[in-house]
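The opening residue of the sequence shown carries number 2 in our numbering; numbering runs sequentially from there. Even glycine gets a Cβ: it sits at the ideal position worked out from N, Cα and C. Fair warning: this is a prediction, and the values are worked out from it, not measured in the lab. To start, the structure under review is shown below, and the notes come after it.
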Amino acid sequence: MVIRAGVDTGGTFTDLVVFDSESSQIQSSKSLSTHKTPVTAFSSTLDKLKIDPESVSELVHGTTIATNALIERKGGSVAYVTTAGFEDVPFIQRTTRPELYNLAWEKSLPMVERRADCYGLPERLLYDGSVLRPLHQADIDALVSFLKHSNYDAVAVCLLFSFINPMHELMIKKRLQEKLPDIPCSISSEVAPIWREYDRASSTIADAFVKPVVSKYVNDLTDGLASINLRAPLMIMKSNGGMMASHTCATSPIQSMMSGPAGGMIACQSIAEALELDNVLTMDMGGTSCDVGIIVEGQQKLTTQFEIEFGLTVSIPMIDIRTIGAGGGSIAWLDNGGFLQVGPKSAGADPGPACYDLGGIQPTVTDANLVLNRLIPEFFLNGSMPLSRDRAREALSTISPSGDHTIEDLAVSITQISEDNMANAIRMISVVEGYDPREFSLISFGGAGPLHATAIARKLSIPKVVIPVVPGNTSALGFLLADTRIDKIRTFPMRSDALNIDRINYQFEDAEAAATKELRADRYTGSITLINTIRMRYAGQNHEYDVPIPHGLLTLNILQSAFDSFHQRHEALYGYRRPEAVIEIISLSTTVVGRTSKPPMEFLKPKRTDTNETIQPVYFPEFGHLDTRVVERQSLAIGASISGPAVLVENGSTCLLRPGDHMQVDSSGSLLIEVDH
């Protein structure tokens, strides 16, 4: 057997999808995550499919280790090195506030201590990259001495205008590698060579902060995989939708942020293409969180802005994904005013929801769904994990309000609040960005997503919902559909009334060469695809937009077409254009893509099995308990149709059809649900 495996380690479950290229067979499994020893969950998922670890030829892994380290502030101690006089940039941050009139609001603190961790070097570059004050070797050696007598786990270097000229940062990195090889060093000209000093500083500090944690994770995982005789090359998903070798992840860990959700977006793009859907909203609801994304005209929306907390940014190329604390394990609680809240805290995998009967006592969304009979215990994870309805009711009773309300009323409120939160997240990535959800379909996946999909579609007037094959493992499937991808950014301001075409072409060539070299270093030997974009804005504006540029020698006519595209995009977003205005080019980016072999989507079609459906009472707030069909999804033939109410069960996920929903099995095996508004 020649097996490629995709493993997604989530907050609650670890998901596996394997593709045997010889038999063209795809299999999936799911186990509770074991965060202290991730390889235990890896091994468990393989054992469930009776797969010998030695038969795995490639392993692609998605992890939230970097994201969690930042959110929980459990990274390494970082020394921040910058141009003398600019030590306070990470603390000044921006002038924006989340609450305009809250005088008690305080800014989020960066991952370094003011004064104690900040080191200013006597050097200075000008805006064009020329040297005003040279950096002397003696000053670098003084920094080395300071670090040698300190106890830092990593160093972050961000010098003024290094995105134009990285010379001084490279001098520092080289010296630190010579004198202090055990202390990893992140420099802003490599992490985020972008306009805006604070964003570069924050991103570089974040990379250094997670580097010790991610490096240890990768090394421990590699050793753990070897201990179970899994010695296949380990690839890590990147936030931009590509993948990288594990050794690259250890040295550039910030690129692994949001790697799990990125896999889900890759899978959704392939699913949308197979179903000929151009405009798609995506919703991945797992045990801990919900990730939402958008695909417009068949293309994912990319961004370079991610907020860890308000004001703490990471500016690297990534798929635009918004995450909220709304998962099956999200805890329901009463605030100081006695109002019901759901999330963002989660019961996770340990102890998990109360119904798991593993020690959890706080009520969760999963407990609420079980109380409403929307989860069928005998089918949950193929019956391998018993669910206790009594434990779920006991947990909900701890926050049950007084009066005539029943436990079922409380359970409905918990699910509806969670659904409202997820609908609002989808509004943020669609309506706020100028897109109408009524013109989109919703692809819902994750273990908990299909339970809530049509309710959310109704809130947003979305006409069609798609539930893919193996929805509980869609992100892991996306790992097997991902390509190797390298993004390189070159920042150099230029105005449309003072263009230098030769310089733009040189920067594209330089970025392409650097990206190709990095791709080959990840052992990719195949042909490559190039994608070029230019980031631009009207002169005087503060935010830019990416405009695609065809690969090849740039001409004035091509650039004028790009300017026309920018005018159109600006008008679509803001309702007006300024064709007479000067356009500023801020930066350009080159993406080098190495295509990988992928499982054909037709092999995802389910194999039909005979089964007997049952009838169970399921609670709906508009009707009370309704006799509801419970159908095993694998028993449904291509073209089969069902009208709600119905519960469709399968290994790893459950889909709820509400009254008024009409489902048909597509030729690809996906469930297409028409939502009656």
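My assumption, with CB atoms under 8 Å, is that residue i sits in contact with residue j. Please give the rounded CB distance.
| i | j | result |
| --- | --- | --- |
| S56 | I4 | 5 Å |
| G242 | I317 | G242 to I317, Cβ: 12 Å. No contact. |
| V372 | A393 | 5 Å |
| T289 | G76 | Actually they are not in contact, since the Cβ atoms of T289 and G76 sit about 20 Å apart, beyond 8 Å. |
| V594 | R486 | 5 Å |
| L33 | A80 | Not confirmed; about 38 Å, so no contact. |
| A1 | V18 | Beyond the ends of the chain as shown, which are 2 and 678, falls residue 1; an answer cannot be given. |
So, is residue i buried or exposed, given that buried needs 16 or more other C-beta atoms within 10 angstroms?
| i | result |
| --- | --- |
| Y525 | buried |
| N152 | exposed |
| H626 | exposed |
| K31 | buried |
| T84 | buried |
| S146 | exposed |
| T283 | buried |
| Q300 | exposed |
| M429 | exposed |
| Y357 | buried |
| T556 | exposed |
| N558 | exposed |
| N533 | buried |
| H150 | exposed |
| T407 | exposed |
| G339 | exposed |
| I72 | exposed |
| Y507 | exposed |
| I206 | buried |
| F20 | buried |
| E170 | buried |
| I362 | exposed |
| N474 | buried |
Closest to residue i by C-alpha separation, out of the options, would be which residue?
| i | options | result |
| --- | --- | --- |
| S598 | T556, K460, V666 and L482 | L482 |
| K465 | L47, D667, K180 and Q363 | D667 |
| N543 | I587, A458 and A522 | I587 |
| S58 | E23, T38 and V79 | E23 |
| Y679 | P213, P194, L371 and G294 | Given a span of 2 to 678 for the chain in the structure shown, any question on residue 679 remains unanswerable. |
| Q1 | D221, V648 and S45 | Nothing can be reported for residue 1, as the shown portion of the chain is limited to 2 through 678. |
| I463 | E440, P451 and S78 | E440 |
| L231 | V432, L657 and F43 | F43 |
| I674 | E88, H248, G645 and G76 | G645 |
| V1 | F624, A157 and Q617 | Residue 1 falls outside the range modelled here, since the chain spans only 2 to 678, and no answer is possible. |
| N652 | D9, D21, Q28 and T10 | Q28 |
| D523 | K217, D200 and S247 | S247 |
| P254 | G225, K49, G288 and D208 | D208 |
| S260 | T324, T314 and S431 | T324 |
| T655 | A454, N506 and D488 | A454 |
| P194 | P185, V219 and N166 | N166 |
| I267 | I206, L478 and C159 | L478 |
| F381 | L177, R578 and A449 | A449 |
| Y575 | S228, Y539 and A563 | Y539 |
| D662 | V676, K346 and L341 | V676 |
| V219 | N501, V40, P622 and S476 | V40 |
| P182 | D154, E614, T64 and F14 | D154 |
Do residue i and residue j have their C-beta atoms closer together than 9 Å?
| i | j | result |
| --- | --- | --- |
| L397 | P364 | yes |
| T629 | N370 | no |
| I237 | V61 | yes |
| I444 | V297 | no |
| M386 | M286 | no |
| D9 | G264 | yes |
| I433 | S669 | The sequence shown places Val at residue 433, rather than the Ile named in the question. Contact flag unset, no. |
| R491 | A514 | no |
| V619 | L657 | yes |
For residue i, which residues does DSSP report across the bridge?
| i | result |
| --- | --- |
| P663 | According to the sequence as given, residue 663 is His; it is not Pro. Answer by DSSP bridge pairing, in chain order: S644 and E675. |
| S1 | What the structure shows of the chain is the stretch from 2 to 678, and residue 1 is not part of that stretch, so it cannot be assessed. |
| F14 | L33 |
| S331 | S347 |
| C656 | L649 |
| A585 | Checking the displayed sequence, the identity of residue 585 turns out to be Glu instead of Ala. Beta-bridge pairing links E585 to R496 and R538. |
| V82 | Y120 and V158 |
| D1 | Given that the chain is displayed from residue 2 to residue 678, the structure contains no residue 1 and the question cannot be resolved. |
| Y546 | M537 |
| K489 | T591 |
| F621 | G625 |
| G294 | T283 |
| I685 | Here the chain comprises residues numbered 2 to 678, so residue 685 is not present and cannot be evaluated. |
I'd like to know whether the C-beta of residue i is nearer than 9 Å to at least one C-beta of chain B.
| i | result |
| --- | --- |
| N558 | Reference to chain B is not applicable here, since this structure consists of a single protein chain. |
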